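S.K.:
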Ligand code: SF4
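In the working numbering, the protein residues as written are 254 to 1004.
#1: Assuming residue 562 is part of the alpha helix (DSSP H), what are its boundary residues?
#2: In angstroms with no decimal places, state the Cα-to-Cα distance between residue 986 and residue 975.
#3: Since residue 547 and residue 669 are thought to touch, with beta carbons under 8 Å apart, how far apart are those beta carbons, to the nearest angstrom?
#4: With respect to 7 Å, is the separation between the Cβ of residue 644 and the closest non-hydrogen atom of ligand 3 below this value?
#5: Under the assumption that residue 980 contacts residue 468 (Cβ atoms under 8 Å), give the Cβ distance between them as a whole number of angstroms.
#6: Considering only the beta carbon of each residue, do residue 255 and residue 271 sit closer than 8 Å?
#7: Whose CA, out of 708, 648, 660 and 715, lies closest to the CA of residue 684?
#8: Which runs of the alpha helix (DSSP H) spanning at least 4 residues fall entirely within the stretch 817-899, listed in chain order?
#9: If you reduce the DSSP assignment to three classes, tell me which class residue 328 lands in.
#10: What residue does the alpha helix (DSSP H) around residue 471 start on, and which one ends it?
#11: Any idea what DSSP makes of residue 258, helix, strand or coil?
#12: Does DSSP classify residue 536 as helix, strand or coil?
#13: Measure the C-alpha to C-alpha separation of residue 787 and residue 587 and round it to an integer number of angstroms.
#14: Report the CB separation of residue 736 from residue 301 in whole angstroms; it is logged as a contact under 8 Å.
#15: Alpha carbon to alpha carbon, how far is residue 602 from residue 679?
#16: Taking 8 Å as the threshold (C-beta atoms), are residue 365 and residue 583 in contact?
#17: Within 7 Å: the Cβ of residue 837 and any heavy atom of ligand 1?
#18: For the alpha helix (DSSP H) containing residue 356, name the first residue and the last one.
#19: For residue 542, count neighbouring C-beta atoms within 10 Å of its own C-beta (all shown protein chains included) and say buried if the count is 16 or more, exposed if not.
#20: Closer than 8 Å is the cut-off here; do at least three beta carbon pairs connect the stretch 448-460 with the stretch 482-489?
#21: So, for residue 550: in the same chain, excluding its five sequence neighbours on each side, which residues have a beta-carbon less than 6 Å away from its beta-carbon?
#22: Mapping the DSSP letters down to three states, classify residue 367 as helix, strand or coil.
#23: Between residue 384 and residue 359, is the Cβ-Cβ spacing less than 8 Å?
#24: To the nearest angstrom, report how far apart residue 918 and residue 909 are at their CA atoms.
#25: Tell me whether residue 443 is buried or exposed, calling it buried when 16 or more other Cβ atoms sit within 10 Å of its Cβ.
#26: Can you grab the Cα-Cα spacing for the pair residue 268 / residue 291, in whole Å?
#27: Given this structure, state the Cα-to-Cα distance separating residue 514 from residue 523, to the nearest angstrom.
#28: Distance, Cα to Cα, residue 316 vs residue 336?
#29: Could you check if residue 767 is buried or exposed, using at least 16 other CB atoms within 10 Å of its CB as the buried criterion?
#30: Please name the residue in 747, 905 and 774 whose C-alpha comes closest to that of residue 754.
#31: Would you call the stretch 311-329 and the stretch 687-697 in contact, with 3 or more CB pairs under 8 Å?
#32: Helix, strand or coil: how does DSSP classify residue 541 here?
#33: Do the stretch 721-741 and the stretch 886-900 meet, that is, are 3 or more Cβ pairs less than 8 Å apart?
#34: Considering Cα atoms alone, identify which of 804, 889, 867 and 872 is closest to residue 883.
#35: Please report the straight-line C-alpha distance between residue 757 and residue 369, rounded to a whole angstrom.
#36: Less than 7 Å between C-beta atoms, sequence neighbours within five positions excluded: which residues of the same chain meet that for residue 939?
What follows is the structure, given as structure tokens:
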């Protein structure tokens, strides 16, 4: 049996090391490569289904071109040459008519270390309008780290040093096998654990302390804890004095967050708040893992992430053994930022990035200020790749498609994403995409978004490409862990898939970009990016490297603060110079969301949408029998008493309604939520339902984003993140009545 050392990308975790066992070119089994640093532990079921995934008829095999109306499910097979020629031609004519900025791209979660190629292509083409899910997932966290610490924070968990591990708005039991393994390990080692979450999740059940706050009030909790910690003198005064700027201003600021105010905001008793502050303060150094919950809760998304990081800092848990260390890129490794060719996009074109005037932090104005600092410290290979830290504002781009304001956006490339499922306000996104002159989807399988595209192109999956963890490639920390392709990306007569690098390169070459794409294959890209490491290890190819030892671990040491950080003051910026320059509050703060107005007044329940669900990953894998057997239906969790009041029984189908739209999910009655909250799953569509519009594989049935609002006025005022949780996610529920649709009877359509 042949064995390949690959990087799994069934989720955006970190490209876990796996061994793929092959017989006659087919997968026999996939096993975790336990010796490597980045692995999922025993908590991930996804790789075991690689064989089913690889052979599934729902995979895209050949380029397809739309021949009927949008959504009619009429496509014909064409060659890659024809597809690329025609797409390039259409792009040129759109550029001539409207300017390069008329073309946008949509990204999803990090699914490989190839996003730099999309960015490079867009920079060379001249458009600043890349948008994606990073605005509400990890982008804010890394931008806050870069502005506050000049680098990403990584946990330095040590058995005899670390006193506390906190999961803040994160449930790795469902969505992060690697983090879940290490949480359980910490418990075994006797380290205290704390979970901040409105839901009583499995981690909350297992933690020493659970802090159940009102959704969206994370910033207030952190500020209230700091009030108590500073008042009681539990902070690390020596550390703060030496290494942080703005502490005196923070002291003033937290006076506004006394326990009586914060307990009312967060829904905790004052005693609970005091105990939580003490529990945290006396267990230092500590690690915190922040999840997406804060990032999903405007208007406090960014300020919450800031406040939590500042809380850690004043307790002396940053740049401290056993706490959080400030990491940087790997020596001898070429980061995404150095691969993106960001300098070729002119200031004039950057200034056209949609949404950058209003949401300045996660767009060019913020990125340029951060980039100036990290470039000084790290040079070209710095950790501020624009893919994660500099985006157009997606809701504003969709509106530009519909209205032509501020200018027409007429073309969109969708790769590694599925905007009809992943963005708020599906109906608006649908109308926007249907209005386009050019919609191209490069993906692994058919999706609702693919179904309304002009060209649907087959992408190579992780089994078919050499790849590595994308968090390493952005330069967030100095660990390079590589994997090789297990299978070819094309097999004559069976399929012709392109990896993303090849796609962007070949399209670029048809638009006159040849000179800027010197590496002909993705494999060659790795040889280039790892040339220094390959030299030291005396290897020449990816195959040799992974067989010798598939990773190269740099060290992250304490002492960065003493050296001077990549921030304007060279210190930990409790008071951020970059925030001030951008016109935002430079200190952490909490803003009470506006109360519901107009028709929203009738919607009293809060919806924690988008809770993670193993084995799915966002909108993926509903087509796989093996996955659907584990988790067949979309589930809405409803507190028992709330369900009774609505005459809803366990297992009933339930309408979830807002002024934006409605969808239905199956009720699970729980005692793990506050009475005014429900939680709903995201990403649901039904590949077994009719493909053509209006069904689009059951897009409108259970997709929670049919109900969510992406009004720019409700987005986070700093990052532009749209609400998936928090006080702006209101809804009401009622039982689906007989005749209101039976979800068990799903039709099929061969199209
Ligand atoms: S955690 Fe994600 S990347 Fe790691 S093995 Fe599981 S699916 Fe693959």
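Ideal Cβ positions, reconstructed from N, Cα and C, are used throughout, including at glycine. Please read all numbers here as calculations on a predicted model, not as lab measurements.
M.R.: Well, looking at it:
#1: Locating residue 562 in the chain shown gives position 309, where the first residue counts as 1. For residue 562, the enclosing alpha helix (DSSP H) has its first and last residue at 554-567.
#2: Along the chain shown, one-based indexing puts residue 986 at 733. Along the chain shown, one-based indexing puts residue 975 at 722. C-alpha of residue 986 to C-alpha of residue 975: approximately 22 Å in a straight line.
#3: By 1-based counting over the chain shown, the position of residue 547 is 294. By 1-based counting over the chain shown, the position of residue 669 is 416. Contact flag wrong, Cβ pair sits at about 24 Å.
#4: Looking at this structure, you won't find ligand 3 anywhere; what it does contain is ligand 1.
#5: Taking the chain shown and counting its residues from 1, the one referred to as residue 980 is at position 727. Taking the chain shown and counting its residues from 1, the one referred to as residue 468 is at position 215. Confirmed, about 7 Å.
#6: Here residue 255 refers to the residue found at position 2 when the chain shown is read from its first residue. Here residue 271 refers to the residue found at position 18 when the chain shown is read from its first residue. Taking 8 Å as the Cβ cut-off, residue 255 and residue 271 do not qualify as a contacting pair.
#7: For the purposes of this step, residue 684 is taken as residue 431 along the chain shown, with counting starting at 1. It is 648 whose Cα lies nearest to the Cα of residue 684.
#8: Counting whole runs of 4 or more residues, the stretch 817-899 contains the alpha helix (DSSP H) stretches 830-834, 878-883 and 893-898.
#9: Your numbering for residue 328 matches position 75 in the chain shown. Strand.
#10: Numbered from its first residue, the chain shown carries residue 471 at position 218. Run containing residue 471: 471-484, per the alpha helix (DSSP H) assignment.
#11: Taking the first residue of the chain shown as 1, we reach residue 258 at position 5. Secondary structure at residue 258: strand, using DSSP grouped into helix, strand and coil.
#12: Along the chain shown, one-based indexing puts residue 536 at 283. In the three-state scheme derived from DSSP, where H, G and I count as helix and E and B as strand, residue 536 is classed as coil.
#13: Along the chain shown, read from residue 1 onward, the residue named residue 787 stands at position 534. Along the chain shown, read from residue 1 onward, the residue named residue 587 stands at position 334. About 12 Å.
#14: By 1-based counting over the chain shown, the position of residue 736 is 483. By 1-based counting over the chain shown, the position of residue 301 is 48. Not quite, the Cβ-Cβ distance comes to about 17 Å (not below 8 Å), so this is no contact.
#15: One-based indexing of the chain shown puts residue 602 at position 349. One-based indexing of the chain shown puts residue 679 at position 426. Residue 602 and residue 679 have their C-alpha atoms some 29 Å from each other.
#16: Looking up residue 583 in the chain shown gives position 330. Looking up residue 365 in the chain shown gives position 112. Using a Cβ distance threshold of 8 Å, residue 583 and residue 365 do not count as a contacting pair.
#17: Here the question's residue 837 lines up with position 584 in the chain shown. No, ligand 1 has no heavy atom inside 7 Å of this Cβ.
#18: As a position in the chain shown, residue 356 is number 103, starting the count at 1. In this chain, residue 356 is not harboured by any alpha helix (DSSP H); it is covered by the beta strand (DSSP E) spanning 356-360.
#19: Sequence index remark: in the chain shown, residue 542 carries index 289 (1-based). It is buried - the Cβ of residue 542 has at least 16 other Cβ atoms within 10 Å.
#20: Contact fails: fewer than three Cβ-Cβ distances are below 8 Å.
#21: The sequence position of residue 550 within the chain shown is 297, counting from 1. Within the same chain, 469, 978 and 979 come within 6 Å of residue 550 by CB-CB distance, once the 5 residues on both sides are set aside.
#22: For the purposes of this step, residue 367 is taken as the residue at position 114 of the chain shown. In this structure, residue 367 counts as coil in the three-state DSSP scheme.
#23: Walking along the chain shown from the start, residue 384 turns up at place 131. Walking along the chain shown from the start, residue 359 turns up at place 106. Contact flag set, yes.
#24: As a working mapping, residue 918 is identified with position 665 in the chain shown. As a working mapping, residue 909 is identified with position 656 in the chain shown. In this structure, the CA atom of residue 918 is about 8 Å from the CA atom of residue 909.
#25: Mapped onto the chain shown, residue 443 falls at position 190. Residue environment analysis places residue 443 among the exposed positions, since fewer than 16 neighbouring C-beta atoms fall within 10 angstroms of its C-beta.
#26: Counting from 1 along the chain shown, the entry for residue 268 is found at position 15. Counting from 1 along the chain shown, the entry for residue 291 is found at position 38. Those two C-alpha atoms are separated by around 7 Å.
#27: Counting from one through the chain shown, the residue named residue 514 turns up at place 261. Counting from one through the chain shown, the residue named residue 523 turns up at place 270. Each residue's alpha carbon lies about 9 Å from the other.
#28: Counting from one through the chain shown, the residue named residue 316 turns up at place 63. Counting from one through the chain shown, the residue named residue 336 turns up at place 83. Between residue 316 and residue 336, the alpha-carbon positions lie close to 7 Å from each other.
#29: Residue mapping note: residue 767 aligns to position 514 of the chain shown, counting from 1. So residue 767 counts as exposed.
#30: If you number the chain shown from 1, residue 754 lands on position 501. Taking the Cα of residue 754 as reference, the smallest distance to any Cα among 747, 905 and 774 is reached at 774.
#31: Yes, since at least three Cβ pairs between the stretch 311-329 and the stretch 687-697 fall closer than 8 Å, the two stretches touch.
#32: Here residue 541 is taken as the residue at index 288 of the chain shown, counted from 1. The answer is strand: DSSP assigns residue 541 an E or B state.
#33: Counting Cβ pairs under 8 Å, fewer than three are found: no touch.
#34: Here residue 883 refers to the residue found at position 630 when the chain shown is read from its first residue. That would be 867, whose Cα lies nearest to the Cα of residue 883.
#35: Numbered from its first residue, the chain shown carries residue 757 at position 504. Numbered from its first residue, the chain shown carries residue 369 at position 116. C-alpha separation (whole angstroms): 10 Å.
#36: Locating residue 939 in the chain shown gives position 686, counting from the first residue. Scanning its chain for C-beta atoms nearer than 7 Å, with the 5 sequence neighbours on each side dropped, one finds around residue 939 the residues 875, 950, 951, 954 and 999, in chain order.
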